[in-house]
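Under this note's numbering, the first residue of the sequence shown is numbered 58, with each subsequent residue one higher. All C-beta atoms, glycine included, are put in the ideal place defined by N, C-alpha and C.
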Amino acid sequence: MRRSWLAVSLLAFSTAAFAQPAQPAPLSELSQAVNIPYEQFTLPNGLRVIVSTDRKAPIVAVSVWYNVGSKMEPAGKTGYAHLFEHLMFNGSENAPGDFFKPLQEIGATDVNGTTWFDRTNYFETVPTPALERALFLESDRMGHFLGAVTQENLKNQIGVVQNEKRQGDNQPFGLVEYAQLKALIPADHPYGHSTIGSMADLDAASLEDVKNWFREHYGPNNAVLVLAGDIDVPTAKRLVEKYFGDIPRGPQQGPVVAPVPTPAHRIDEVMKDRVATTRIYRTWVVPGLNDPDAVPLDIAATVLGGLSSSRLDNALVRGDKSAVRVSADLQQFAQISFFDVQVDVAPGVDVAEEGRKLDKLIADYIAQGPTADEVLRSATRDVAGRTASLESVGGFGGKAVTLAEGALYSNDPGFYKKQLAAYAAATPEQVRAAMQKWLSRPMLALVVEPGPRGAYEESQSVAGKSGFAPAYYHKPGEAPVTFAPQAAVDRSQLPPVGPIPNLDFPTVERAKLSNGIELVYAQRTAVPITRIVVSFDAGNAADPADELGLQSLTLSLLDEGTKTRNSIQIAEEQERLGANISAGTSTDRTTVSLFALSPNLQPSVALLADILRNPAFAPAEVERLRNQQLVSIQNELTQPGGLAGRTLPPVLFGPEHPYGRASSGTGDPDVVAKLTRNDLIAFQHAWIRPDKATIFIVSDRPLAEVRSVLDASLGDWNGEGAAGAKRFAAAIPQPQPRIILVDRPDSPQSLIYGGEVTPLKGTDELVPYIAANDVLGGNFLSRLNTDIRETKGWSYGVSGNFRRLLQGVPYLVSAPVQADRTGDSLAAMQADIRTFLTTKGITPEEQERTINGFVRELPGSFETGSDVLGGMQNNVIYGRSDDYYDTIASRYRALTAPEMDKAIRSAIDPAKFVWVVVGDAKVVKPQLDSLGLPVEVKTVAQQPAQGGK
């Protein structure tokens, strides 16, 4: 099992001769459920405000979208829009300091900001009584910002952004976007450079440059504010006028001219990278999302490589097995889009021949077009995705985002309705015509093959002496200079936060199927969807020590064929129903999950039951999925996170312990290569069985109805043979503090990953430990992140967390840092942890901020059905009562700073830490040798699972 309906997934298969799928609800009926009521108004200063009322929870999403992105950047100033996104989190004139601090205090969730070609946005979801404070903060950084920008925080955030760039560039295929833009877009075109910018331009950014950038682009008349949730228009008008009304208009942003470029001829390029498989790309530049051809082209991409039953999947992955992964998608922007096709070539396959085969498949598809059924399945997937996303008011894809995108890109908050209508009305001929118009043009044919990278563009600051110091927004004892006009509202203090009631977690009901499987159910009626998780007491810990990877291979085959359906039929049936069935695993549990549109619940559950009860494990499919898993293992060995995740667990827990293995679960390649079909069947019988299952449900439909549907398909399911048993007899070894350096040549960053096994168990009450760790490493404002990212600028982000496992809880620290500061970063983190646990414990201010944040964020933390589903599962696995979350606020409020200090000091001993560093040994080892710990260098044998002859 491998794909969600939101992920990417050439033969047009007809399945009429096979088992008849259940009839789904009509697409027109499903589309009617997708609706966002809204009203809008505009302030005299030009600020456009959109209000959508949704009373399901006492929260409001605040989303501010500025009409400024990297396409507005002139030559020599690439990366400025993104740099400014970072700067605007560093405080404003009347709210100095990091913006995450006042946001955490009010319990904000889904807090972030993003920048791309077309826009910069800032968003948070807050408890209703805290809305006024959130509007104060957003208005202050819109209208009262320049006095808070200093050379110190500019230099710091340049360092952070450069480390964000290094972190992305350091991944396999991390340099592809630069090559695509350079080849396809003229350098002087607005879309002709990456949003992250160049190291040189970021190095050269001056304080006056960035201030002028703000003056030009961040006026209220260049922004859209969306409020979605527990809010009405009269309240919104009063508060928005109060806090934003005094901000003067800025320069009017003119239109950006960005025609769709067409290369003069096909462009063939080859890149080398530290990758496990050769990847073939075919990329076209096509029109933006407002063009009439945008929807047909999106359908074209989905049918070609986005559906699980896509043309490329059926031809190259399932068919001749010449590829291990394919995808096609349309990455849409306001004025242009990228139609991108990818094929990961199977080991041993001739890459040139695979490229020719791909080109022929695409050419045939363009000439013939999709079938009506393919268009319908693609449109149904889109409707299902939009239905799921609109359960949330904010975040990355909720109601606020949908309305803001429509307003900013299309001058219509309800633009999504037009898109839905276009999907519902699309015909095969429209899709074929759009492809013939746009995909018959020259494109980029890029091949990325294993091999050493070329020279990396590094920042000049890496070679120079560090000048980092604590970043103040104004010098201590000195008031900031104010450039903005006098505010009409009192900005001398933050608005008060009203009383926030305790969380009212949905009522949890329980029932049983006829065979005894327990159902744990909660009702949520915001959207017509049902989420079901069948949770098995298995997980990665169920893999025998000598058969690592067995569970992963077994799960991957569940939806690749049953006794009555082949893998293509299963994929097509899910697509027609708008359903998604997926398998997942944690260390302690294995899950098979169903997302279903409630009108299609019965046939969706019937399909789920067939997958659970009747997997075929067809020999040909076993071999295909085995090869894919072997490639996945090789991919892990090219990734910093994969290398670290395979190195540390066996050191901490011991290789024989069920927790002493990589969390990916993909296992040992030598073992996976030898697993037999009988091994998979035996694992399924031992672990994927009703007596190890609990079914969790969140649905708009009542429990009685859902139980009846489940019982009809699963109520007579019985286990076969003996149930499996996990083996925790292996002793956890005594810690041997040291540094294990995994050599990854030419890495611009090092990944530091360290920790220890604490004395805690997963069933312990961890509230005081988690609360204390929020101050040390669990939050953006934590001691570790504040020091390494916000003060020193050596990383894009540092974290430390307890990993809650049932039989043992490790504490783990993760820090991707620039290569030349690896030793300094590790030494600084050691010192931060040591002083936190001894002389500089939790301050009263940190305790108050942490507890207020934990309590106040509860309503936003359980907004959606998936949030509730996760909470119910946690309660069961950790042995807690169904009303645990109703009472957790009182537990938080009872915690004192000394109690929090005592808890975490009893659990963590930094003298026992083992540190894994993944980086370029020739650069990093001299830095580590001076830290006083033994350094072991580990070289990973690279055996790329590449195609090529």
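Q | Where the alpha helix (DSSP H) containing PRO291 begins and where it ends | A | Looking at the DSSP string, the run of the alpha helix (DSSP H) that includes PRO291 is 290 to 301.
(request) Grab the span of the beta strand (DSSP E) containing ALA380 for me, first residue to last. (result) In the DSSP assignment, ALA380 falls within the unbroken beta strand (DSSP E) covering 380 to 389.
| said: DSSP three-state label for TYR826, please. | reply: Helix.
field: ASP439 (DSSP reduced to helix, strand or coil)
entry: Of the three classes helix, strand and coil, the one that applies to ASP439 here is helix, per DSSP.
| message | Can you tell me where the alpha helix (DSSP H) holding GLN904 begins and where it ends? | response | That run of the alpha helix (DSSP H) goes 901 to 913.
Point to revise | Same chain, Cβ closer than 6 Å to PHE146, neighbours up to 5 away in sequence not counted | key: Excluding sequence neighbours, PHE146 sits near PHE156.
| query | By DSSP, does ARG336 sit in helix, in strand, or in coil? | reply | Looking at ARG336 - three-state DSSP - the assignment turns out to be strand.
* Within 9 Å, strictly: CB atoms of TYR826 and ALA960 -> In this structure, ALA960 lies closer than 9 Å to TYR826 by Cβ.
Would you mind working out which of SER839, ASP831 and ALA872 sits nearest TRP851, comparing C-alpha positions?
Of the listed residues, the one whose Cα sits closest to TRP851 is ALA872.
Handout entry: ASP645 versus ASP600: straight-line alpha-carbon distance, rounded
Key = For the pair ASP645 and ASP600, the Cα-to-Cα distance works out to about 11 Å.
Same chain, Cβ closer than 7 Å to PRO1008, five either side skipped, listed in chain order: Residue numbering for the chain in the displayed model covers 58 to 1006; residue 1008 lies beyond these limits and cannot be assessed.
Endpoints, beta strand (DSSP E) assigned at ALA502: Per DSSP, ALA502 belongs to the beta strand (DSSP E) from 501 to 507.
### Query
For ARG795, which beta-bridge partners are listed by DSSP?
For ARG795, DSSP records a beta bridge to VAL971.
Starting from the C-beta of GLU86, find all residues in its chain whose C-beta is less than 8 Å away, skip the five residues before and the five after it, and write them out in chain order. Exclusion of the five residues before and after GLU86 leaves PRO656 as the residues of its chain whose Cβ lies within less than 8 Å of its Cβ.
**Message:** When you compare the CB of ILE797 with every CB in chain B, is at least one pair closer than 9 Å?
**Reply:** The structure shown contains no chain B; it is built from a single protein chain.
Bridge partners - ARG567, DSSP secondary structure assignment:
ARG567 is bridged to VAL577.
Endpoints, beta strand (DSSP E) assigned at ASN637: Segment 637 to 642, the beta strand (DSSP E) holding ASN637.
#### Entry: Cβ neighbours of LEU346 in the same chain (closer than 6 Å, five flanking residues each side left out)
If we look at LEU346 and ignore the five residues flanking it on each side, its Cβ neighbours are GLN389.
Item checked: Nearest-angstrom Cα separation, counted from ALA786 out to THR171 -> Going from the Cα of THR171 to the Cα of ALA786 covers about 47 Å.
Practice prompt. Could you tell me which uninterrupted alpha helix (DSSP H) segments, each at least 4 residues in length, are contained entirely in the region 424 to 486, listed from first to last along the chain?
Written response: Correct list: 429 to 446, 456 to 467 and 472 to 482.
Note to self: Below 8 Å on the Cβ atoms is my contact criterion, and I expect VAL971 with GLN793 to pass it. Report the Cβ-Cβ distance as a whole number of Å.
What the structure shows: Contact annotation, VAL971 with GLN793: C-beta distance approximately 7 Å; criterion of less than 8 Å satisfied.
Would you mind sorting VAL577 into buried or exposed? The rule is 16 or more other CB atoms within 10 Å of its CB.
-> By the Cβ neighbour-count rule, VAL577 is buried, with 16 or more other Cβ atoms within 10 Å of its own.
Measure the alpha-carbon distance for HIS250 versus ASN836 and round it to whole angstroms. HIS250 and ASN836 have their C-alpha atoms some 32 Å from each other.
query: Alpha carbon to alpha carbon, how far is ALA482 from VAL432?
result: Rounded to the nearest angstrom, the gap between the Cα atoms of ALA482 and VAL432 is 10 Å.
Own chain, CB closer than 6 Å to VAL313, minus 5 neighbours either side, in chain order:
Same-chain partners within the cutoff: LYS128 and PRO247.
_Taking only three categories from DSSP, how would you classify ILE690?_
Three-state DSSP puts ILE690 in a helix.
Q.
So LEU614 and LEU737 are supposed to be a Cβ contact under 8 Å. How far apart are they, rounded?
A. Contact flag correct, Cβ pair sits at about 6 Å.
Determine the direct distance from the alpha carbon of ASP289 to that of PRO344, and round the result to whole angstroms. Rounded to whole angstroms, PRO344 to ASP289 spans 37 Å at the Cα level.
Classify ALA409 as buried or exposed, calling it buried when 16 or more other Cβ atoms lie within 10 Å of its own Cβ. Exposed.
Worksheet entry | Residues bridged to TYR810 [DSSP beta-bridge criterion] | SER871 and VAL973, per the DSSP bridge assignment.
Identify every run of the alpha helix (DSSP H) within the region 923 to 1003, keeping only runs that are complete inside it and at least 4 residues long; order them along the chain.
Within the region 923 to 1003, the complete alpha helix (DSSP H) runs of at least 4 residues are 941 to 951, 954 to 964 and 978 to 985.
ask   = Closest by CA to ARG548, which one among GLY976, GLU150 and ARG962?
value = Among GLY976, GLU150 and ARG962, the Cα nearest to that of ARG548 is on GLU150.
* To do: Ignore the nearest five residues each way along the sequence and tell me which others in ILE890's own chain have a CB closer than 6 Å to its CB.
  => Closer than 6 Å at Cβ, skipping near neighbours: PRO967.
Check your understanding: Whose C-beta lies closer than 7 Å to the C-beta of TRP122 among residues of the same chain, with five residues either side of it excluded?
Key -> The beta carbon of TRP122 sits closer than 7 Å to the beta carbons of ARG176, ASN178, ALA280, VAL281, ALA461 and LEU465 from its chain, once the five residues preceding and following it are set aside; these are given in chain order.
Inset, instruction - Provide the residue(s) that pair with PHE1011 in DSSP beta bridges, ordered along the chain. - result: This structure leaves residue 1011 out entirely; the chain is present only between 58 and 1006.
Please classify PHE740 as buried or exposed, where buried requires at least 16 other C-beta atoms within 10 Å of its C-beta. By the neighbour-count rule (16 or more Cβ atoms within 10 Å), PHE740 is buried.
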